[in-house]
Amino acid sequence: MTQVPSFLNKFNFILYLKIYSLSTAMPSTDADIIALLNNASAQINRYFAIFIFLFGVIGNTFNILVLAQKPLRSNPCTWLFLMSSIAFLVSTLAGTISRFLSTWGADLTNTNQFLCKLRIFLVFGSMTAGFWLIMLATVDRWLSSSINTNRRRLSTLKRAQRGAILVLILSSLLQIQQLFCFEANLTNTPLKCYTKTVMCGIISDLCFALITIACPLFLMLIFGLMIISNLRQSRARLQPTSVTVDSCVMQNITMTGSDSQSQQKRMDRHLLIMLFVQVIVLLIFTMPMAVSKLYTTITRSNVKSALQNTIESFVFNLFLLFLYIASGMPFYIYTLTGGQVFRRTLLNLLEAFIRKLMCQRN
């Protein structure tokens with residue numbers, strides 16, 4: 003037999019070493035990706051969460067101050083917007099503070115059972131109330147835009163207040179289960195303060211995905227389409243009329259009534275725009291979190307690699323911050339789409355504050 007040259011044996015040995023080194027390099031590559039994602043998650047939770055905290059607190063505080071003014075709060079729709087802003091402020095405070103505190107190891111909700119359960123109850127309870135209050139505002143717009151007189155009469159401030167109280171009570175009762183399901187100091191979960199069992203996770207996630215997000219958003223879209231139908235029917239019923247003005251007095255009365263109706267129509271139109279834009283924004287920023295929570299819970303018992311767990315945790319934390327962005331958006335939506343009524347009230351409030359501040363200095 004012919005012998006294999008020695009240089010070929012050396013070449014085969016070197017090739018074997020190369021293949022072996024490449025095969026053993028994969029874990030180190032995964033470790034690099036894991037370290038990169040963990041670092042990115044920490045930076046996002048530290049700086050992006052602080053931005054969302056300021057963004058949400060400032061926005062909802064201004065919203066509360068503006069909508070609480072007498073010209074606006076007497077309207078049932080704006081009153082519901084006011085209550086939803088209060089609910090979203092609570093969810094922002096309860097949710098975002100722990101996010102950036104966790105990056106410094108100062109988040110007590112990760113280790114303290116009482117604080118863990120209380121934070122989750124406040125976050126989910128207030129967010130559920132906020133979504134359903136906006137849904138009630140959509141129902142109010144549908145009633146007020148109806149061509150049926152009896153339906154329009156149902157759009158009253160007293161009914162809106164009763165509906166808001168009912169929503170707050172039901173939201174609190176619905177989220178009581180979070181007090182039993184969530185526990186601190188957990189491992190192999192996206193957060194240390196998380197559901198302690200798979201069954202608890204399924205119940206909590208289904209409650210959040212369906213009742214907190216999907217159902218109110220679906221009803222908002224349905225009533226939004228019904229509002230559009232009402233507006234089309236109203237335009238179809240409008241017929242031009244000729245009015246003969248016999249005196250200056252009658253002309254002044256007609257002009258005054260026309261101005262009042264025109265102002266009310268403008269306000270209704272801007273409220274409708276505010277509502278539609280808010281529904282779209284809520285849909286965009288909240289549905290990813292609902293899907294992520296359901297996926298995490300359904301696959302919780304599956305055997306996953308360290309890299310897969312890290313990726314899922316990173317995505318979960320990112321979508322969680324998107325959820326808090328939705329809570330802080332209403333003020334900026336109202337400012338851009340609320341027309342002169344909202345912006346004028348905001349400017350008057352700022353001017354009054356500046357005057358008061360100047361008087362105190364003098």
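Take 3 as the starting number for the sequence shown in the numbering used here and just add one per residue.
Backbone N, C-alpha and C define an ideal beta-carbon position, used for all residues, glycine too.
List the residues that DSSP assigns as beta-bridge partners of residue i.
i: THR197; result: PHE184
Taking the alpha helix (DSSP H) that residue i falls in, what are its first and last residues?
i: ARG48; result: Per DSSP, ARG48 belongs to no alpha helix (DSSP H) and is neither H nor E.
i: TRP144; result: 115-146
i: ILE171; result: 159-176
i: ASN152; result: 151-155
i: GLY97; result: 78-104
i: LEU212; result: Note, LEU212: premise wrong, no alpha helix (DSSP H); not H, not E.
i: LEU74; result: 72-75
Taking 7 Å as the threshold (C-beta atoms), are residue j and residue i in contact?
i: GLY203; j: SER173; result: no
i: PHE316; j: PHE287; result: no
i: LEU351; j: LEU67; result: yes
i: ALA89; j: ALA139; result: no
i: PRO218; j: TRP106; result: no
i: PHE57; j: GLY330; result: yes
i: THR339; j: VAL279; result: yes
i: PHE321; j: MET289; result: no
i: ILE36; j: THR312; result: yes
i: LEU277; j: ARG143; result: yes
i: LYS119; j: LEU181; result: yes
i: SER303; j: VAL200; result: yes
i: THR111; j: PHE55; result: no
i: TYR326; j: THR94; result: yes
i: ARG101; j: ALA51; result: yes
i: LEU366; j: TYR196; result: Only positions 3 to 364 of the chain appear in this structure, which leaves residue 366 out of reach.
i: PRO78; j: SER147; result: no
i: GLN235; j: ALA186; result: no
i: VAL169; j: PHE225; result: no
i: ILE136; j: SER87; result: no
i: ALA34; j: LEU309; result: Note on residue identity: the sequence assigns Asp, not Ala, to residue 34. For ASP34 and LEU309, no; Cβs fall outside 7 Å.
Which whole-angstrom value is the C-beta distance of residue i and residue j, which I expect to be below 8 Å?
i: ILE205; j: GLN179; result: 6 Å
i: ALA70; j: LEU91; result: 13 Å between Cβ atoms; not a contact.
i: PRO332; j: GLY165; result: With a Cβ gap of about 18 Å, PRO332 and GLY165 do not count as contacting.
i: MET222; j: VAL125; result: Actually they are not in contact, since the Cβ atoms of MET222 and VAL125 sit about 21 Å apart, beyond 8 Å.
i: LEU211; j: TRP81; result: It is worth fixing the name first, because residue 211 is Ala in this sequence and not Leu. Going by Cβ atoms, the distance from ALA211 to TRP81 rounds to 29 Å, so no, they are not a contact pair.
i: ILE76; j: LEU159; result: Here the sequence assigns Ser to residue 76, which means Ile is not the residue at that position. That pair is a contact at about 6 Å.
i: THR337; j: PRO192; result: No, THR337 and PRO192 are not in contact; Cβ-Cβ is about 34 Å, not under 8 Å.
i: ILE213; j: LEU176; result: 6 Å
i: ASN47; j: ASN319; result: 6 Å
i: LEU274; j: ILE335; result: Not quite, the Cβ-Cβ distance comes to about 13 Å (not below 8 Å), so this is no contact.
i: CYS183; j: LYS198; result: 7 Å
Any C-beta of chain D sitting closer than 7 Å to the C-beta of residue i?
i: VAL169; result: Protein chains in the displayed structure number just one, and chain D is not present.
### Query
Curious, which full-length alpha helix (DSSP H) runs of at least 4 residues does the stretch 285-340 contain?
Taking only runs of at least 4 residues, the alpha helix (DSSP H) segments lying wholly in the stretch 285-340 are 308-330 and 332-339.
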